[in-house]
Structures are given as C-alpha cells and as structure tokens.
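Comments concern the structure below.
Residue numbers (this note's numbering): 33 to 605.
Here it is as structure tokens:
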C-alpha cells in the first residue's frame, strides 16, 4: 500500500506516493509516483467527481443493419452466396460479401455504388464485416459482380429455397405470382435489351423500363423465384415462360406440401399459359376480365349467397362452371360491397374531372368561334384527340357521350353523361370479381381468400417502390448483366426484410415492415472520443447505444441484438 510523502523544494511542498516492500528482509522503496502540489491534488479530486469532457462523437447505424445481419446469419446467407457465386478475386471482399452488403444497403439506405463506402463507414457493419473502404469503390464492386451469371443466381435461389423450407417451415400451399416494371433514365440510344418502352405502371411511358416477375409465399411475401425481362414484353407473354419454368421447380417446392396452388391476376392470362398449367402439377386460382364474360355479369344479385367467414363480411358469391381457355373450370363471381363503394367513389371523381376538362375545352372552342383567341386554330382531329385523352380513364369511354363537329366559324363540342350506361355499370359490373380455379373441391370461402392473398405480392412491389426502404430505383446501370445483378440483390433485400418481418410478428410485435425498419433504424451506436491525456498513446473511447423507447427495447431483446453490440452499453428510457 502506498504512503503519501511531502517533499519541500524551493519553499514549495510537493507530494509523492511511495510504494515500500521488504527486500531481503529489509524495507525498500520500490516505486515513487509524483502527485504534484496540494492544489494539484485538490483539482484532481474535484475533477474525479465530474464526467470527462468528450472531444467528439461518431454516430453509426446499428439496429437495422444488425437485425438484417442477424437474419442473414440465421439463414447462413453469406456462406451460401460464397459457395454459389464466383470465387473471390485477388483484392477486396468475396462476391458473397459484396452481395450481402449491397442487399442490406438496399433495405435501409439505398444509394449508388459511388457512395457505397460512405454509407458503410457510417454503420456498425465496419465491426460486423470489416473491410478497407477502398475495397468498396464502385470499380471494385463491379469487378466482382461482373463475374456473376444467371446460372450463379439460379443456383443460389434453388439452395436458398431449400433452406427456407427446412428452417422456416414456410406455408407453400399457395404461392402468388405477378409482374411489375420500373422506369429507368437509360438513354434511348444505349444498346441494352432489357430496358424498353412499354406500358409503365407508374405512368412513365416516356421512359425505358425493366420488368420484374416474382413468385412469393403467402407467408409474409418471402420471394422464392424472380425473373427479369424486357420492359416491352406483356405480362401474359412472360407468364407463359414462367409456367414452363415453374414445372421444373415443383419438386423442390413440394417437399412439405403436395398440393400447391398458384395465384395470379387476369393480366397474366393466355391460352398458352393455361395449356402449360394443365400439364403441370400446380393448381391455380385466377381471375377473368369481367367485360369478356357478360353472361356472368348478367346473373342477378338475388342469386348470390352471402359468405359466413368473418374475414368476408361484405362478400356475396355466385358459383357455377364454365369452359374457359379450352377447359371447364369452377367459376366464383364475387360481389364485395366495400369494393363497390370504393369503385363508385373513384368513378365519381374521374367523371367530375373529365366533365370539368370537357367544359373548359367547350368554352375554349366557343371563344375561338367568337374571335376572342388568337394564334393557330384548333383542328377537328386535334380536338377529337383531346376528347379521347380526357375520357381515357376506366369506364369513361362508355359513360360520356361526346361529339365534335364543324360549325360556322369553328368547332363545337357537346357532351353528356349516359345515365342508363352508368346505371347498368353499377348494376352489372362494379364491385364484382370473376374468379376461376381447377380446385373444384374448394369451398367458396377458400377460393375467395386464396385470391385475396395476392395482396402479399402487391405489398412486396409497393415496398420495392418505397422512397425510403427497399427501393429498386433508380437503376444506376445500363448493361443487361448489371441490371440482372441489381435485381438479384434487390430481391435478396426483400427476402432478408420479409424474414425479419416474419420473425418479429411471430414473437408478438405486429408492426408493418416500414414501421419496423424505422424503429430499428432509430437504434444507433455512438462512439465517444475523449481527449488524449498526458502519457496516453491514443485517445480513450467508449461506445454506447442511443436511448431506446419501450418498443425499441423489445425489438432489441427479441432479435438478440446485444450479441452484435459487444462492448457497447445500451441505454433505455
């Protein structure tokens, strides 16, 4: 134990701590530590009661990236990527590591590869997957990604599906397929086959687009297979190829379920697709274009029966059989009062907008006739095109009666609403969906509920077009191979986030995926750096997590994120 020893030098008293031990049976001073004057001792003691003043802090993303890293670890995504993708090049990370980082980036903070390293430096991934920032340059990333082919990606999907089925016990009794497209800013003259102009679902027909088809589970829309195809290929044409390919995948999907039903909407219908489906092990539930089946729309509502399932409270159905696409199928015509009310509301809005625009055009033509407007006079063909454009929304063509005719001194527009056609539309078609299936033994409720599960893939596409999380766009690439790789890590991002969402729900936290990612994103890691003291070789640091509210604490606990915060102090409210 040390003793305090004063020593006077030039009239000033200085204090030392002296350590004494017996050496060969005699007391001997073995260590002396200078403490300073009495004022120094008092200042040091008082400072000890105050927290040290930090020099700076560094904040990094933790909760969201750690949760996704947790899911990737649980499914052993990284070893599977490394075993199915090309081998690592001489410098940088492995292809699998690049791919996993890209997928996590697309979920939480989608960015271009030019800013990829900047994003990485601001996350806890610097601890979880250490990498030299220069390895994450756009050039290094694509040097590795350029080696990846469609065969590599297909091999990963096949083995990952096996893993999902075995480890998550996914419910595969019903699988949902649909396609969508994403507009790009790729120049018209850029020589690529995938980006093409077509009917864009985001109403950007002026831009080239890329199409994506997905097969997802109804169990939290986990993607199982994906297809990237040219933007000018119709969904029904692509679906024919999909049905052919699905037959080859049936064996791997049917390990735990011998009766798999494929669910899709009417945009995928074609004679060839149903011919392929008829000779495959898959069953199906689909929908028909109502206007092509007037006999079914004509069935009066008094012949419909109300369903008793609480989930289908406002639904009535009429069941029959009809020959469709060359074969007799079970038909269920459903009427949904909620759907009817929504369609009436939307139709009323569109009608009012169209009538307002027609009225403006009508007044403009009258002012031309009266000589109140100057410039190039409107032509008959031009005005007719304007009228067609105004009435282009669904159903308006049959509801608005319009006529443009040449009169003395100009053109005249007359229009009216066909009330009889509106009444007929409300009576016969609005609120109705025509479903058909080869599951003849299914009840009406089973058929309607199966078709409703389409919302899973609609939700998946909605998330991929979300401006904050899981964003597909914009595509910062123009070669077909790079676009396919981009699609691959976007789908992998959807897989990781969907499995995360599923795990949280099954543990009792029923949050939407955007809310889940937002809450996890607020759990951040803070590195506190203190000034270097005299005699220290480097500055002292401490790491802690930001204060968590009760929900964030529960998420932190149920996802076991503490294991990824080794040496990090957690803060609770």
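For each residue, glycine too, the CB sits at the ideal point set by N, CA and C.
Using DSSP bridges, identify the partner residues of residue i.
{"i": "residue 213", "result": "243"}
{"i": "residue 47", "result": "38 and 68"}
{"i": "residue 249", "result": "207"}
{"i": "residue 63", "result": "51"}
{"i": "residue 415", "result": "Beta-bridge pairing links residue 415 to no other residue."}
{"i": "residue 316", "result": "294"}
{"i": "residue 438", "result": "443"}
{"i": "residue 533", "result": "None; residue 533 has no bridge partner."}
{"i": "residue 337", "result": "349"}
{"i": "residue 517", "result": "In DSSP, residue 517 forms no bridge with anything."}
Given a threshold of 16 other Cβ atoms within 10 Å of its Cβ, counted over all protein chains shown, does residue i qualify as buried or as exposed?
{"i": "residue 308", "result": "buried"}
{"i": "residue 109", "result": "buried"}
{"i": "residue 618", "result": "Outside the modelled stretch of the chain, which goes from 33 to 605, sits residue 618, for which no answer is possible."}
{"i": "residue 332", "result": "exposed"}
{"i": "residue 201", "result": "exposed"}
{"i": "residue 604", "result": "Annotation note: pLDDT 44 at residue 604 (below 50); position unreliable, coordinate value reported separately. Burial call: exposed."}
{"i": "residue 484", "result": "buried"}
{"i": "residue 597", "result": "buried"}
{"i": "residue 56", "result": "exposed"}
{"i": "residue 384", "result": "exposed"}
If you drop the 5 nearest sequence neighbours on each side, which residues of the same chain put their C-beta closer than 7 angstroms to that of residue i?
{"i": "residue 338", "result": "348"}
{"i": "residue 364", "result": "349, 351, 467, 476, 479 and 480"}
{"i": "residue 48", "result": "37, 39, 64, 65, 66 and 67"}
{"i": "residue 203", "result": "249, 250 and 251"}
{"i": "residue 422", "result": "386, 389 and 390"}
{"i": "residue 454", "result": "431"}
{"i": "residue 124", "result": "167, 172 and 176"}
{"i": "residue 460", "result": "329 and 330"}
{"i": "residue 583", "result": "551"}
{"i": "residue 427", "result": "379 and 457"}
{"i": "residue 116", "result": "184, 187, 188 and 191"}
{"i": "residue 44", "result": "69"}
{"i": "residue 512", "result": "224, 225 and 226"}
{"i": "residue 345", "result": "none"}
Could you pull out every residue in the same chain whose Cβ sits closer than 8 angstroms to the Cβ of residue i, ignoring the five residues on either side in sequence?
{"i": "residue 556", "result": "91, 92, 93, 94, 95, 577 and 578"}
{"i": "residue 60", "result": "52, 53 and 54"}
{"i": "residue 393", "result": "415, 418, 419, 422 and 445"}
{"i": "residue 236", "result": "215"}
What three-state label does DSSP hand residue i in the structure shown?
{"i": "residue 366", "result": "strand"}
{"i": "residue 353", "result": "strand"}
{"i": "residue 479", "result": "helix"}
{"i": "residue 464", "result": "strand"}
{"i": "residue 107", "result": "coil"}
{"i": "residue 159", "result": "helix"}
{"i": "residue 165", "result": "helix"}
{"i": "residue 448", "result": "strand"}
Can you find the residues in the same chain that come closer than 6 angstroms, C-beta to C-beta, to residue i, ignoring five residues on each side of it along the sequence?
{"i": "residue 35", "result": "50"}
{"i": "residue 401", "result": "441 and 442"}
{"i": "residue 415", "result": "436 and 443"}
{"i": "residue 508", "result": "144"}
{"i": "residue 210", "result": "489"}
{"i": "residue 229", "result": "240"}
Any heavy atom of the ligand ATP closer than 7 angstroms to the CB of residue i?
{"i": "residue 127", "result": "This structure lacks the ligand ATP, and indeed carries no ligand of any kind."}
Inter-stretch contact at 8 angstroms, needing at least 3 Cβ pairs: the stretch 470–487 / the stretch 306–324: Output reads yes: the stretch 306–324 touches the stretch 470–487.
Examine the Cβ distances between the stretch 231–247 and the stretch 532–545 and report whether three or more of them are shorter than 8 angstroms. The stretch 231–247 vs the stretch 532–545: no contact.
Quick check: the stretch 132–146 against the stretch 186–206, are there 3 or more CB pairs under 8 angstroms? At 8 angstroms Cβ cutoff, the stretches do not touch.
Should the stretch 216–226 be called in touch with the stretch 280–288, which here means at least 3 C-beta pairs below 8 angstroms? Because the criterion of three Cβ pairs below 8 angstroms is not met, the stretch 216–226 and the stretch 280–288 do not touch.
Assess, as a yes-or-no matter, whether the stretch 166–173 is touched by the stretch 141–155 under the definition of 3 or more beta carbon pairs within less than 8 angstroms. In short, these stretches touch, since the Cβ pair count reaches three.
Any contact of the stretch 515–532 with the stretch 485–505, i.e. 3+ C-beta pairs under 8 angstroms? Taking 8 angstroms as the limit for Cβ pairs, the verdict is that the stretch 485–505 does touch the stretch 515–532.
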